[in-house]
Structures are given as C-alpha cells and as structure tokens.
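J.: If you use our numbering, the sequence shown corresponds to residues 20 to 506, in order.
Where a beta carbon is used, it is the ideal one built from N, C-alpha and C, also for glycine.
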Amino acid sequence: MAAPMRASRIRGNYLIQFAHQHTDFRIAELKALIDLFNVDIQWDEKSLGDESPYLKVKILSEEDVRKIGSRSVLIKNIIELWGHGGTYSELNESLRETNRNIMVPHFVKEKSFKFELDAFNKKLSHSYKLEMFQHLPQDVLAFQGDVSLDNPDEAFFLLEDYGPFGSQAPENPHQIYFGRQISEGQRDAIRKYTLQSRKFIANTSMDACLSLLMANIGQVKKDNLVIDPFVGTGSLLVACAHHGAYVMGTDINYLLLHARGKPSRAKQEKRESDESIQANLCQYGLGDFYLDAVIGDASKHRMWRQQPMFDAIITDPPYGVREKAKKVGTGVEDVKLSDDQKIGHVPHKVDYHLGQIFKDLLNFAAKFLHMGGRLVYWFPVYRRSYKEENIPTHPCLHRIANCEQALNCRISRRLITMEKVRPFEEIHESDNAQVEVDHYEDASFRQMYFHPRQSKGDNSKEQVENGELSIKGENDNIESTSLTENG
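Pasting the structure below:
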C-alpha cells in the first residue's frame, strides 16, 4: 500500500519594513527572534542592507509573522505582499497575477479597511498620496466594506522606495510594494519606556530602544532569570522584565544604587528619596519581576553558588570615560581581616583594566549561564585600530553576532552576543577567556576617546571643549559626541 501523501507546505510572501534606525542590528535581531520562535522562513540575508528598509521573506503562517512582530523593535510593519514593481504599471500587472483566493476574503462588505502610503527617503504630500491610490487597479482591489481610518478591520500599505537614505530622491520611486498588514513591530514600547519619564536615571542609563533590542538578541523570555553584573539604574532590567523575565543585578557603586549621587536631570539639585531600580520597574507595573540589586564586585565570582543559574546575562560594562573603572582589591597580597575589622569595613578599590573586565565577564558567563543561555554586552572601540581579534573568546562560548553602533567618526561600540555551547566542567580550569590582541593594551578607552591615536596619513585635529570631543579632519565635517557612554 502506498504511503499517504503529505500536504504541501506553501509559504506566503511577506515584506518586512524596518525602521531606519540601528541598521547594523537588523539581521541580529531578526535571526534571534526566528530562532526564539522556531519560525520556518526563507530569506536572503545579503539582500538586507543599509540602503533599503525592505526585506522580502517567505513564511509558512501568519501566526509566525505575528510572533516576530510581537517582539521586534526595529520592524515597523510586516505585510502580506500582494504585488510589487519598479513602476505603477508593473505593480498593477503584479497584482493582477496574484492568486485571487488570497485577496478576495478581505474585500467582503463586513470588513472595514484603510489605505496607507509610506515612502522611504522622500516626504510625500497628501495630494500625491490620494493620486497614487487612484493608480491602483480598481477591478482587482474590489473592496466592498466601509473605510475606517481609526479602527479598520484591515490595513493595506502602499510602500515606495526612493533609494538610499540621505541621497537625492529621484522623481519616481525605484520600487513600489502593495500588501495587507499582518503585524506591527513594537516601536510603541520605545516610547513607553523612554528615559525622559523614567523615575531613576543616571548619565549612562541605556535608552529604551537599545535596551529592548539587547533583550531580543539575548532571547529573553517569560520566567527566565536574567542578571546585569553592571546594573547601574536598571535600564536593561526593565527591558527584560517587559518580556516576563525575573531580573537582578550587581554594581560596585554604593552611592548610585542608593540614589545618593549627583542627579543627572537638569535643574534637579538632589535625588528624591524614592529613586531606585525597584521604583523603575514598579513605574511600569513590573515590580513583581524584580528580585534585587546586590552591592558587589562583578569580578568576585566566589560570592555565587558555583553552578549554572542564569538564562541570560545582559549588560553594559563601564568604559572608564568619566572616571576609571574600579574593583575591590589592594596593592598588598594575602590581606586578611579579623572578625572585628569586618564590622563596618569599606573595602579598598583598585583600578579595573577594561580588557580584564571583559575577560572576567566571559568567565562569569561560562560558569553561571545555563546551556544555550546568551551573553549580550557592549565592547567600546577606537574604529581605526579595531580588528576581530580584539573580541575576547572562551571555549564554552560561541559568538553569535557582532554589531556596530558608531558614536562618531572615530569611536564606536560593538554589541557582542555569545551563546553557551559547552559545560564549564568540561574544560580545564586554566582554559579561561582569552584575547588574541588586546585593544586597550597601548591606551585606555578614555585616552582613545579624548586623545585619539594618530594613524598614518591621519591629519585630523582634536579638541576637547566643555566636556565634548570635537573632531575635524581635512575632508571631514565637525562631529561631536557627549560623554554619555550609552551613545
């Protein structure tokens, strides 16, 4: 007897419309969400670049499309692609060739609808938009329902691509797309968690978009246990708790965690008594996900139970721009305190080399992450001398992504994502984190920031004025960046 035939798995054609922000992070976030939700997808990674925010994909179900849209902060919309072309004539011909069974169910009288026209790299007038809607084939798009601009049952998008952002927009678009909206991205979450209305912030608090992006790339999900070893004001904890994870952190800065330092907001003379990380989470109804923040040294791994316990480590280590990074220690070896001396003792601190910070962070992740857990952290670099060999490695960790956020023409920071692929117990105790080429061996990042090293043929001049670094080369416009470590 012949084996029964399997039903063919037909993938639908969809178009992802990205926001023009953090373009180097698009692939990393999309791949993380595809893996997180186990989405069966076909797409050409090379077709997604900085020049265009549109990506054509093939996905099995609308449910999978909505899963991706439910998490992504870099996606604006995902539409079911009905047609596309270089001109409106080509678009209309493409629409006529689309399977009618896909379109007709959405034309019924019971469904209200609206049209939206959005363009990349060009501002369009209202009259132009109305005119373009009239160019669509009325016999193909035979809508019977009522128009509803506020709360439609269906939304249809007409998207025009006018070439790379910042270039001179041509009179006519390079490419035109039309389709039915399936899902929006989570751009509203960026506005919800904006630092402008956050209860407790500091100069280096991570902005909402990057915090949520890090949580997505780290594949943080409901009931995870997540730690930030350099927690600061807890911006990354807020983003992780947003997805239902239980969060905690450590920080060596006693005054900051107790909100006794200098306030960061203009015209605020002193911090309020109720400022805290917990207050930040409670502000958004996430207080139940907050475990605690420990005043402690992230380099001291012996204070933790020696077993895997965290599902993700999401962090932004100190770069030492405003002041040198510190850790607990002395210049004297084998210091021991009596029981009486331990009472009220304030540990002495020593400088903490940035290269060592990252080695300790990877060793921490190798020890305390569950298998498959992810480490996501920022690595600041001087762009002219950066090379792949600067990124630390560990035999238990596999690097998943390396994305760049340029802060100015010389300085950037790279978001490194690593996944635990090997139990810590399987390696020799001497097989710890290694760096092939130490990026900070010749100069600290602070020195790179304020006094960039001169490379061959570099005739640029640097000036530091009013706490800002201004850079001007012979063929460059002046660029500046403040001392905010999170960009």
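1. In terms of residue numbering, what span does the alpha helix (DSSP H) encompassing Gly88 cover?
2. Ordered along the chain, which non-local residues of its own chain (more than five positions away) have a Cβ less than 7 Å from that of Leu388?
3. Roughly how many whole angstroms lie between the Cα atoms of Met467 and Ala298?
4. Starting from Met525 and walking both ways along the beta strand (DSSP E), at which residues does that stretch end?
5. Take the Cβ of Tyr33 as the centre, count every other Cβ of all protein chains shown within 10 Å, and call the residue buried at 16 or more, exposed below.
6. In this structure, does DSSP put Asn421 in helix, strand or coil?
7. Between Gly182 and chain D, is the shortest Cβ-Cβ distance under 8 Å, so that the two count as touching?
8. For His364, which residues in the same chain have their Cβ closer than 7 Å to its Cβ, ignoring the five residues on either side in sequence?
9. Measuring only the C-alpha atoms, how far is Asp63 from Leu114?
10. Would you kindly report the start and end of the unbroken alpha helix (DSSP H) that includes Leu256?
11. What separation, rounded to the nearest whole angstrom, lies between the Cα atoms of Ile296 and Thr117?
12. Just to confirm the assignment, what range does the alpha helix (DSSP H) spanning Asp316 have?
13. Based on DSSP bridge pairs, tell me the residues matched to Tyr338.
14. Quick check on the DSSP output: the beta strand (DSSP E) that includes Ala174 runs from which residue to which?
15. Is the CB-CB distance between Gln36 and Asn120 below 8 Å?
16. Here's the rule: buried if 16 or more other CB atoms are within 10 angstroms of the residue's CB, otherwise exposed. What is Asp379?
17. Should His458 and Tyr405 be called a contact, given that it needs their Cβ atoms to be closer than 8 Å?
18. If you follow the beta strand (DSSP E) that Gln326 is in, where does it begin and where does it stop?
19. Provide the residue(s) that pair with Leu244 in DSSP beta bridges, ordered along the chain.
20. Among residues of its own chain, excluding the 5 on either side of Asn7, which ones have a beta-carbon nearer than 6 Å to its beta-carbon?
21. Secondary structure at Phe37, three-state DSSP: helix, strand or coil?
22. Would DSSP call Gly185 helix, strand or coil?
23. Using only the alpha-carbon positions, how far apart do Leu231 and Leu381 sit?
24. Just tell me which of Glu444, His261 and Pro366 has its CA closest to the CA of Val92.
25. If I'm right that Glu173 touches His103 with Cβ under 8 Å, what's the distance once you round it to whole angstroms?
26. Alpha carbon to alpha carbon, how far is Ile419 from Thr412? Give it in angstroms, no decimals.
27. What's the gap between the Cα of Pro282 and the Cα of Val454?
28. Could you pull the start and end residues of the beta strand (DSSP E) that Tyr396 belongs to?
29. Have a look at Glu48, Glu448 and Ile446 and flag the residue whose alpha-carbon is nearest the alpha-carbon of Ala234.
30. Which of the three DSSP states, helix, strand or coil, is assigned to His145?
31. Got a sec, what are the start and stop residues for the beta strand (DSSP E) Tyr73 sits in?
32. Could you have a look at Lys406 and say whether DSSP puts it in helix, strand or coil?
T.: For this structure:
1. Glu81 to Gly88
2. Pro327, Phe329, Ile332, Leu394 and Lys439
3. 36 Å
4. Summary: the structure shown does not reach residue 525, with the chain confined to residues 20 through 506, and so no result is reported for it.
5. buried
6. strand
7. Protein chains in the displayed structure number just one, and chain D is not present.
8. Leu356
9. 23 Å
10. Ser254 to His261
11. 53 Å
12. Element bounds for Asp316: n/a, residue is neither H nor E.
13. Paired residue(s): none; Tyr338 is not in a bridge.
14. Glu173 to Asp180
15. no
16. buried
17. yes
18. Neither: Gln326 is in no beta strand (DSSP E) and is coded neither H nor E.
19. Tyr265
20. Beyond the ends of the chain as shown, which are 20 and 506, falls residue 7; an answer cannot be given.
21. strand
22. coil
23. 22 Å
24. His261
25. Actually they are not in contact, since the Cβ atoms of Glu173 and His103 sit about 19 Å apart, beyond 8 Å.
26. 12 Å
27. 37 Å
28. Leu388 to Tyr401
29. Glu48
30. helix
31. Tyr73 to Ile78
32. coil
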